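In what follows, a single structure is set out as structure tokens and then discussed.
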Amino acid sequence: MRNLIANCIITPCVESAIFGCPVRLLELDSARRKVIVIEYAFSSKKPWVEDLDPILSELDSAVLCISPEQVPDFLVRDDDEISEKELDLREKRWNLVRELVEGRTVGELLAGGCFGSRINAHASAVGVDRKQIYRLLFRFWSMGQVKNAFLNNSTNWGKAKNRSITPGKQLGRPPKYLGVVYEDRAIMLGEKERSAIRIAYDRFASGKCGTVRDAWDWMLRKFYTKILPGGELGEIARGTYPTISQFKYHGKKLFDDIYVLKGRRGSIRWNKDYRALTGSASDGVFGPCHRFEIDSTIADVYLVHRINRNWLIGRPVIYVVVDNYSRMIVGIHIGLEGPSWNGARHALFNAYTSKQEFCKRYNVEISEDEWPCHHLPFELSADRAELLSEAGETMSNTLGTILKIAPPFRPDWKSIVESRFRLINEGLDLKFYPGGVDARRLERGDRDYELDAILDIDQFTEMVILAVLNHNKNLRLPHLLTEQMIADEVSPTPLGIWRWAMEHSPINARTKGAEELKIALLPSREVPIKRGGIYFQGLYFTCEILQREQWAENSHNGSTRYVRVWYDPNCVDSAWVKVGAEFHPLTLVPHMAHKFSGYRLEEILDVLNITKQVSPDESFHATQDRVKLQQRGEEIIAEATKMKKQAGKPPSKAKFKADKRINRQAELAVDRARDSVELKVIHSGSTGSSESLREPVALEKGELSSRGRSFLKLVTGESKGSGHE
1 MRNLIANCII TPCVESAIFG CPVRLLELDS ARRKVIVIEY AFSSKKPWVE
51 DLDPILSELD SAVLCISPEQ VPDFLVRDDD EISEKELDLR EKRWNLVREL
101 VEGRTVGELL AGGCFGSRIN AHASAVGVDR KQIYRLLFRF WSMGQVKNAF
151 LNNSTNWGKA KNRSITPGKQ LGRPPKYLGV VYEDRAIMLG EKERSAIRIA
201 YDRFASGKCG TVRDAWDWML RKFYTKILPG GELGEIARGT YPTISQFKYH
251 GKKLFDDIYV LKGRRGSIRW NKDYRALTGS ASDGVFGPCH RFEIDSTIAD
301 VYLVHRINRN WLIGRPVIYV VVDNYSRMIV GIHIGLEGPS WNGARHALFN
351 AYTSKQEFCK RYNVEISEDE WPCHHLPFEL SADRAELLSE AGETMSNTLG
401 TILKIAPPFR PDWKSIVESR FRLINEGLDL KFYPGGVDAR RLERGDRDYE
451 LDAILDIDQF TEMVILAVLN HNKNLRLPHL LTEQMIADEV SPTPLGIWRW
501 AMEHSPINAR TKGAEELKIA LLPSREVPIK RGGIYFQGLY FTCEILQREQ
551 WAENSHNGST RYVRVWYDPN CVDSAWVKVG AEFHPLTLVP HMAHKFSGYR
601 LEEILDVLNI TKQVSPDESF HATQDRVKLQ QRGEEIIAEA TKMKKQAGKP
651 PSKAKFKADK RINRQAELAV DRARDSVELK VIHSGSTGSS ESLREPVALE
701 KGELSSRGRS FLKLVTGESK GSGHE
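Here it is, written out as structure tokens:
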């Protein structure tokens, strides 16, 4: 019957001929077409009887409506929230009217016109005034006939919003200094002072100043500093401004704690660390390989170079790929390049391929069951730095993966992978390793942790692999278990959940061939073919097809030929050249393989760049040697020019050139004789020949040396021969 039931609230929507205020329906008599109603108020009047049909008519015409009850706050309280004193008062009031309402309806109490006499008799029996019984009874009916109706209505308790204060009256306890009351008192705050406090405290709440006192000082400077006639700022008038206590008190009333926290911490930290979490990171994920998350961070440890361990290379970058459903770490990459697509692609290639060969490269032997992750996800969530690029879009199109790029400064959008970094750091305890970075700032006088670095990038990668295997095998995640997992006694670890879900998940995990993954993920570059082989990053590579089809010969003797090389920077031995649909592996030429095989491309490039560099000292000495060379050359030329002038000019140019061959033979004979003498000295040792020892003496006396005598004899003999001819 138009949803008319006992205790419902009937409210006039427009001016009604029946009710002028909301009423509560206490009793409905369908047979007699009568209703009993009472005013819906805490202090109401006596209930009365109304005809049912007019009420139904106004309900049909929307003059009246049945509205939901707005229960007062004081009624919706548990007994634990009510004080003992108030509970006793409620029981006392209830006992005063209990005999009237228990086992009786409202109609029975009002019937026969005996309501007043019944109340008088009951009031006399319990020993209270009848007016008190009326008030309690009407409150009980109006408030829904519940026991809590006898509680005090404390909804509007407290001071009024606008307090009336006598002008000139000082509020609060008088302040004292050393036991003596002093005159400076807190001023009475008006609308002007509250407005100044609101403006100044907002600077603190929004993070525009450091402390509350800074905001208070700013308020005094802006609003309570005198302006001198020249427009300059003067001093603050004593006793005319709110105290710091008033500023704090009213500031906290104007700005709630959440507003201040959000403003002081900033929206980025608020969204990451403080906002309410209304869901789970796994919402909407139906199984393993549904969504992967990838991110990178800088490790808290310094590394050294593998080739020269006295070269500090800084802190490495860790890339992690994690499965959202099982929390399984499915791929990693340790590199030296910051957050970018170039680093992320290697982590994805590792996630999509088998891990046995990868682990074996770093001296970790595992079976396929220990890290059974070589599948492609349907969705990939990442930061803009990692995948927001044309190469990332190409990868998405090639492998059929949906990219989900998180907004800037929202790491909470991929919280699973963010928490993996913390778990890996905790598992490794990097800050206690040599070269590890402690969370605290370096204290003055402490040893610089960069000087303690001893790990190279391969050793650190091995440690990270072991930490990942431990994470996948032993991290306890009981909250991820479903009802069916519990029934099947699945181990609540990432590895246990992954194995079970791969067999029971509605999602069919996908895999791709090595060729497709290389094209989609590995970096490539067009490089020339030179005489020594395929020239890439300062290195020469060769392969079987290059030798068979004579690529080097054709490129060297004709126009230079170029090929595209796909490579894995983690190992210089992992490089391929694509011919048709087939990838051919490349190997370093023997003389370079002996030096660089097994190293990362980054390490080799470091070595090549460093060895090409010239130190300032070497550069200076080389410059000095070149200058000395030129200087000595000029001196020799000058000396030779002088000697030539002393010898005089030849009779003719023809005469000068005529005896060229004879002169050459004479000089050759002298050189041979000199070399012969030097060999004799070497063979005879320290004793030497008497002739060689006496030569300097002969020269001092003006005699010819053996070389001079030989030269003179040769010239004289040849001259005689020439004269005979």
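End of the sequence shown = 725 in UniProt numbering, gap-free, step of one. Just so you know, even glycine gets a beta-carbon here, dropped at the ideal spot from N, CA and C. Quick caveat, the model's predicted, so the values are computed rather than measured.
As the crow flies, the alpha-carbon of residue 156 is around 33 Å from that of residue 28.
Residue environment: residue 106 is assigned as buried (16 or more neighbouring CB atoms within 10 Å of its CB, all protein chains considered). Looking only at 576, 531, 587, the smallest Cα-Cα distance to residue 561 is reached by 531. Scanning the segment 267–339 from its first residue to its last, the whole beta strand (DSSP E) runs of 3-plus residues come out as 291–298, 312–314, 317–323, 329–335.
Following the DSSP letters along the chain, one finds residue 358 inside the alpha helix (DSSP H) bounded by residues 356–361. Counting along the chain, the unbroken beta strand (DSSP E) around residue 584 starts and ends at 582–585. Look at the beta carbons and you see the segment 51–64 touching the segment 4–24: at least three pairs across the two are nearer than 8 Å. In this model, residue 577 and residue 341 are separated by some 22 Å (Cα to Cα).
Judged by DSSP in its simplified three-state form, residue 54 adopts helix. When secondary structure is reduced to three states using DSSP, residue 658 falls in the helix class. For residue 157, no alpha helix (DSSP H) encloses it, and the DSSP letter there is neither H nor E. The criterion of a C-beta distance shorter than 7 Å is not satisfied by residue 288 and residue 500. Remark: C-beta atoms of residue 335 and residue 322 do not approach each other more closely than 7 Å. In its chain, beyond the 5 residues on either side, 233, 234, 235, 236, 237 have a beta carbon closer than 8 Å to the beta carbon of residue 226. According to DSSP, residue 225 shares a beta bridge with 236. Bounds of the beta strand (DSSP E) holding residue 382 are 379–382. Contact between the segment 522–540 and the segment 398–406 is absent, with fewer than three C-beta pairs closer than 8 Å. For residue 43, there is no enclosing beta strand (DSSP E), as DSSP gives it neither H nor E. Counting every other CB atom within 10 Å of its CB across the protein chains shown gives residue 262 a total of 16 or more, marking it as buried.
Look at residue 36 here: in three-state DSSP terms it is strand. Counting the other Cβ atoms within 10 Å of the Cβ of residue 585 gives fewer than 16, which makes it exposed.
DSSP places residue 534 in the uninterrupted beta strand (DSSP E) bounded by 533–536. By alpha-carbon distance to residue 362, the top candidate from 344, 492, 459 is 459.
The beta-carbon separation of residue 449 and residue 437, rounded to 6 Å, stays under the 8 Å limit for a contact. Taken in chain order, the complete alpha helix (DSSP H) segments of 4 residues or longer contained in the segment 459–523 are 483–487, 494–504, 514–521. By the criterion of a C-beta distance shorter than 6 Å, residue 153 is surrounded in its chain by 42, 74, once the five residues flanking it on both sides are discounted.
Two segments are said to touch when three or more pairs of C-beta atoms, one from each, lie closer than 8 Å; by this definition the segment 210–218 touches the segment 247–255. Rounded to whole angstroms, the separation of the alpha carbons of residue 65 and residue 59 is 6 Å. Excluding sequence positions up to five before and after residue 96, its CB lies within less than 8 Å of the CB of 126, 128, 132, 133, 136, all in the same chain and listed in chain order. Its chain contains 186 as the residues whose beta carbon lies nearer than 7 Å to that of residue 172, once the 5 sequence neighbours on both sides are disregarded; these appear in chain order. Looking at the backbone, the Cα of residue 304 and that of residue 452 are separated by about 10 Å. With at least 16 other beta carbons inside 10 angstroms of its own, residue 294 counts as buried. Taking the C-beta atoms as reference points, residue 483 is found no nearer than 7 Å to residue 583.
For the pair residue 566 and residue 203, the Cα-to-Cα distance works out to about 56 Å.
Closest in alpha carbon position to residue 589, among 197, 558, 603, 533, is 533. Contact check for residue 329 against residue 504 fails: the beta carbons are separated by 7 Å or more.
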